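Chains as they are written, first to last, in my numbering: chain A, 13 to 433; chain B, 13 to 433. Glycine included, C-beta positions come from ideal geometry on N, C-alpha and C. Keep in mind the model is a prediction, meaning the values are calculated, not measured. Read the structure below first, then the notes.
2 protein chains.
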Amino acid sequence: METRLPTGVKDFLPVKAAKLDYLQNTLRSIYHSWGFRPVAPAILEDLSVLELGLGTDLREKTFRFDDRQTGRLVAFPPDITPQVARIAATRMRDMPLPFRLCYNGRVLRHTEQQLGKDRQIYQSGVELIGLSGPEADAEMIAMAVMCLQAVGASGFTIDIGQVEFLRGVLDDLPLDAAQSRDVRTAIAAKDISGLQQKLKGLPLTDRQRDELLALPRLYGGHETLDQARQVITNPASQKALDNLERILKVLTVYGIEEHITLDLGEMRGFDYHSGLIFQGFLSGFGQAVCAGGRYDGLTERYGFAAPATGFAFNLYNLLFALDRVLDERAEEGTDILLFSSGQDKAPAQHLAAVLRSQGYSVARDIIERDQAASLDYARRMHYRYLLVIEPAEEEMILIRTADGENTCVTSAAIGSGQFRI
Amino acid sequence: METRLPTGVKDFLPVKAAKLDYLQNTLRSIYHSWGFRPVAPAILEDLSVLELGLGTDLREKTFRFDDRQTGRLVAFPPDITPQVARIAATRMRDMPLPFRLCYNGRVLRHTEQQLGKDRQIYQSGVELIGLSGPEADAEMIAMAVMCLQAVGASGFTIDIGQVEFLRGVLDDLPLDAAQSRDVRTAIAAKDISGLQQKLKGLPLTDRQRDELLALPRLYGGHETLDQARQVITNPASQKALDNLERILKVLTVYGIEEHITLDLGEMRGFDYHSGLIFQGFLSGFGQAVCAGGRYDGLTERYGFAAPATGFAFNLYNLLFALDRVLDERAEEGTDILLFSSGQDKAPAQHLAAVLRSQGYSVARDIIERDQAASLDYARRMHYRYLLVIEPAEEEMILIRTADGENTCVTSAAIGSGQFRI
C-alpha cells in the first residue's frame, strides 16, 4: 500500500514530537520573560498581499494555488516575519510602539529537490517592531543566546554581519549581476583560490581586487572590525562597521561576547534584510539553528513605516543538533500503567484519578491480558512503573519496568500523598 | 492598500493568541496525565494517500493542488485523525497496542461561504488506538470532561449517541438516499411537525412512522435508553443501546454522569465513525467545542486493522465560549517595563536579567522618551509596573500602571530575592 508523504515533509512520532514540544515551550517561556507576546498569523494568505512582504528569493519558493471557493490566488506563507509585519502594520497600527511579538508555526518552501531539503519548516521566533539602533539588535542576539542556553546548548556561536558592509564593496564595482553573484558565492564559501580565479577575468583595479580577496578572511573576534576598517574604505561599509561596533559594545555589557563571531564576508538573510544579520550555529552541526536581523523597510510595504529587527529558530535543525541533550530534557515516558485483574474497575479508576491529581501521568491497561503481558507492554511503551491492583487486597505491587524491582504500596499511602516515585 | 485575508481564515492578536496558547498547553497537560504522547503529522499529504482515510464528506472539503516540484496532487489535511491513523498503521505498527496519542494543529476545510464559517480550524485531540469496548469509549468522554473542567468551563454537556442506532432504524425503510437525508435532517433538528409533513408522502407503515416520530424525543438522561428500547426494536438499534448502556455504567463510576445527555436522534460525526459518537457543548454557546467517537475501520484503510476511538477540541469555538473565563486565566500582560534615563544601560540590563531569573517578564524601554511617555506606553501595552532606574541612585521607583501608586525599591532587595509583585 502506498502511504508515502510528499517530498520534503515529515511526521514526528512521539519521541521526536515530545522534543519539539519541549523546544517550543521553553523558547516561548524565554520570549515571555523578555516581554514578548504571542501572535498567530493566518494559515493562508492572498498571494498578492503576501507578496508585498516577500523578496524574489521567497516569492520563488512560495506554495500557491487557486482557492476554489473564491477564485483568488492564495499562498502558504514561506516565512512568518512578513505576516507579523502585516499584522503590526494594519491591525496594530494604532497601538504605541515598540511591539514585542513572538510566534510559533510551520511554513512551506519549495527547495532544491536534489539536496533532499525539508520543505516543511517549524519556526519559532520574535519580532521587535518600532525600534532602530544597536540596543534593539543586541536584544535580539542576547535573546538568541539565552534561548540556546535554556534549551541546553553548550558550544554555540552567533555569527554576525551586516548586509551593507559587503554591498558597499560590491556596489562600487563595474560588475553585472551574474558576476557579482559569482564573486559573492566564492566569498561566502571562504574559497580564496576560487575567488582569485574568478577575479582574473574581471575588469577590476588592483585595489578592488585586494579588497575582495581580503573579505573571506574578515572572520573572527572583535579585532576583525579593525582589520576591516583598514582594508575596506568606502563610506557605506565603514558605516556598517560603526554599527556593528556599537552592537558589540552592548553585547559586552550582556556578557555574551564569547559567543559572537564576526563574519563580514557573509550576506545571507532574506531580501527584506537591512543592517545587522546573524545566524546561530551549534558546534558539530553545519546548519544554522537560528537566523535573524534588521528589516527596516518591511512594515512600510503594508503602509506603516517602522524600523524592526527579529530572529527565528529552525526547530527541526535545533532538534537534530540537540538530539542527545533532549533525550534527557524532553523525557515523555508515562509514569504508571495501572493493571487490575478483577472485574470491578472502580478502584483502578479512582486510584488513577488520585495519582493524576498528584501530577503523575497514568494510563489504565483496559485491554484483556495477563500481568506478564501488561508488564511487557509497559516496558516497550516506556512506562516507568506497572502498578498491580489485586481485587479485595489493600496492598498493591509496584513494579519498576527498568529492572523489575517490586515494592508494596497501599492505596492509603497514595491517598495521603506519601507516595513518591 | 489591500491587506485582507482569504475568506474563513484569521490572525490571532496577542490577547486571543495568549488564550489559544493557554488552551493548548492546558489540554496537552491533561492528555499527558492520562498517558497520551504527542505526534505531529506532516503539514501536507499526497492526496491519494490522504483520501484513503477520508469519507465523501471530508473529501469534498479538502484543499488540494498540484505540487509544482513533483507534479503530484497534494492536499492539506481537513482533519488530523486520518493522519494519526496512517501513522499508527504504518510507522508504529510494530509497537504493542494500544497507542495513546495526542496532537495539536491546524486544518483547512472548504465550508459554506454564505454562512461565514471558518475554513481554518485549530484542533487539539487524542486518539486511543487498539482498544474496543465501552471502557475505551468512556475514557474518551471522561477525558473530555476533565479537559473542560481544567480550562475553566462550568456549565457543559456531553451529548452522546451511536451511529448504528439511527442507522438501524433508517436501513429498514424503503427510502432513497435523498428521502433518507431529509428525514435525518428533520430528526436532528428535533423538528417534529416538519418531520410529520415529510413522512406523509413516504411509503411507510404506521409502525415505521411511529418509530421515526419518536426519535426526536429520544433526548435526555439515562431513562432515554428505556424509552428507546420500547419504541425501537430492530436488532442493530438494540445492540447500540446495549453498548451505550455499558458506556454509561463506566461513566457513573467516573462520577461524571451529570454531564452526559443521550441524543439518539443525532447521527453527526464523520463517515469514518462507527459506534459511539459524542459532542461537547458549553451552556450559552451553540457550536460544539469538542467532538469524537469510535472509528474501528479507519486504520485498516492503511493496512492495519485496529479498533479505535478519540476526540478533538475545536479550539476556536472553545476560546469563544470561554472568552471571559480566559481573560483571567490566560493573562499575558508583561510584569515590568524598565525605564532608565541615563546613558549607562548596564545597570538596567543587569537588573532585567536578575528579574527574569526570578520568573518575572521584563522588557526594557530602549526608545528615547521621557518617563511620562514611558508610563503611558506601559499602561497602554498592559505592563503591570514601570520600574524607574535613576543613574547613580540606589533607590528605584516602582509605579503600578493600574493606579499610578509609587513604591521605593532597592536593587539590593531585588538581588536578594525579597522583591515581590
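Less than 8 Å between the beta carbons of V138 (chain B) and Y284 (chain B), yes or no? No.
Candidates A:G322, A:V262, A:E270, A:R336: which alpha carbon is nearest F297 (chain A)'s? Residue A:R336 is the option with its Cα nearest to F297 (chain A).
Within 7 Å of chain A by C-beta, residues of the region 39 to 54 of chain B in sequence order: Under the 7 Å Cβ criterion, the region 39 to 54 of chain B contributes H44, S45, W46, G47, R49, P50, V51, A52, P53, A54.
Proximal chain B residues relative to I99 (chain A), where beta-carbon distance stays under 8 Å: Listed along chain B, the residues sitting closer than 8 Å to I99 (chain A) by beta-carbon distance are D23, L25.
Spatial neighbours of A5 (chain B) within its chain, please: C-beta separation below 6 Å, excluding the five flanking residues on both sides. No information on residue 5 (chain B) is available, as it lies outside the stretch 13 to 433 that chain B covers here.
At 7 Å on the CB atoms, spell out the chain A contacts of R112 (chain B), in chain order. Neighbours of R112 (chain B) across chain A, judged by C-beta separation under 7 Å: A375.
I want to check one thing, is the minimum distance from the CB of A198 (chain B) to the heavy atoms of the ligand PLP below 7 Å? In the structure on display, the ligand PLP does not appear, and there are no ligands present to speak of.
Given a cut-off of 8 Å on the beta-carbon distance, is the pair G65 (chain B) and A97 (chain B) in contact? Their beta carbons are under 8 Å apart, which means G65 (chain B) touches A97 (chain B) by this criterion.
Reduced DSSP secondary structure (H/G/I, E/B, other) of A375 (chain A): If DSSP states are grouped into helix, strand and coil, A375 (chain A) belongs with the strands.
To the nearest whole angstrom, what separates the beta carbons of D23 (chain B) and P53 (chain A), a pair I think is in contact under 8 Å? Confirmed, Cβ separation roughly 5 Å.
Rounding to the nearest angstrom, what Cα-Cα distance links T264 (chain A) and A333 (chain A) in this structure? T264 (chain A) and A333 (chain A) have their C-alpha atoms some 27 Å from each other.
List, from N- to C-terminal side, the beta strand (DSSP E) runs of 3 residues or more that fit wholly inside the region 272 to 313 of chain A. Taking 3 residues as the shortest admissible run, the region 272 to 313 of chain A contains the following complete beta strand (DSSP E) segments, listed from N- to C-terminal end: 272 to 275, 288 to 294, 302 to 306.
Using DSSP's beta-bridge definition, name the partner residues of D171 (chain B). BP columns for D171 (chain B) point to B:T273, B:Q291.
For the putative contact between L56 (chain A) and P18 (chain B), defined by C-beta atoms under 8 Å, what is the C-beta separation to the nearest angstrom? Right, the Cβ-Cβ distance comes to about 5 Å (below 8 Å), so this counts as a contact.
Contact residues within the region 300 to 318 of chain B, judged by C-beta distance below 8 Å to chain A: Within the region 300 to 318 of chain B, the residues whose Cβ lies closer than 8 Å to some Cβ of chain A are Y314, G315, listed in chain order.
For E147 (chain B), report the span of its alpha helix (DSSP H) as first-last. Taken as a continuous stretch (DSSP letters only), the alpha helix (DSSP H) holding E147 (chain B) covers 146 to 162.
Limits of the unbroken beta strand (DSSP E) element including A320 (chain B): 320 to 326 is the span of the beta strand (DSSP E), which, as asked, contains A320 (chain B).
Could you tell me whether the Cβ atoms of G292 (chain A) and F168 (chain A) are closer together than 8 Å? Closer than 8 Å, so yes.
Minimum length 3: unbroken beta strand (DSSP E) runs contained in the region 27 to 70 of chain B: Here no run is fully enclosed.
For Y34 (chain A), would you say it is in contact with chain B, using Cβ-to-Cβ distances shorter than 8 Å as the test? No, Y34 (chain A) lies away from the interface with chain B (no Cβ there is under 8 Å from its Cβ).
When burial is assigned at 16 or more other CB atoms within 10 Å of the CB, is C159 (chain B) buried or exposed? That one is buried.
Counting only the same chain and skipping the five closest in sequence on each side, list residues whose C-beta sits under 8 Å from that of A499 (chain A). Lying before the first or after the last residue shown, residue 499 (chain A) is absent from chain A, which here runs from 13 to 433.
Would I272 (chain B) and I433 (chain B) qualify as a contact pair, given that the criterion is a beta-carbon distance under 8 Å? No; because the gap between Cβ atoms is not below 8 Å, this pair is not in contact.
At which residues does the beta strand (DSSP E) containing G137 (chain A) begin and terminate? Its beta strand (DSSP E) spans residues 132 to 141.
Within chain A, partners of R8 (chain B) - CB distance below 8 Å: The shown model of chain B, from 13 to 433, leaves out residue 8 (chain B), and the question about it has no answer.
DSSP three-state call for T264 (chain A): helix, strand or coil? Per DSSP, reduced to three states, the secondary structure at T264 (chain A) is helical.
As assigned by DSSP and simplified to three states, the class of V366 (chain B): Here V366 (chain B) sits in helix by DSSP.
From which residue to which residue does the beta strand (DSSP E) around V86 (chain B) run? 85 to 88 is the extent of the beta strand (DSSP E) around V86 (chain B).
What's the call for K28 (chain B), buried or exposed, on a 16-neighbour Cβ count within 10 Å? Counting the other Cβ atoms within 10 Å of the Cβ of K28 (chain B) gives 16 or more, which makes it buried.
Which chain A residues are close to Y266 (chain B), counting only those with a beta carbon under 7 Å from its beta carbon? Ordered by position in chain A, the residues that pass the 7 Å Cβ test against Y266 (chain B) are Q361.
For the beta strand (DSSP E) that contains T346 (chain B), what are its first and last residues? Start and end: 346 to 352.
According to DSSP, F24 (chain B) sits in a beta bridge with which residue or residues? F24 (chain B) pairs with A:A52.
How far does the beta strand (DSSP E) with I401 (chain A) in it reach, from first residue to last? Here the beta strand (DSSP E) through I401 (chain A) covers 395 to 401.
For H122 (chain A), decide whether its Cβ has a neighbour in chain B, counting only Cβ atoms nearer than 8 Å. Taking Cβ atoms only, chain B reaches closer than 8 Å to H122 (chain A), which makes this a yes.
Got a sec: is the Cβ-Cβ distance from T93 (chain A) to anything in chain B below 8 Å? Not closer than 8 Å to any Cβ of chain B, the Cβ of T93 (chain A) fails to qualify, so no.
Kindly list, in the order they appear in chain B, the residues whose Cβ is closer than 8 Å to that of L263 (chain A). Against L263 (chain A), chain B offers no close residue; the least beta-carbon distance is about 10 Å (beta-carbon pairs closer than 8 Å).
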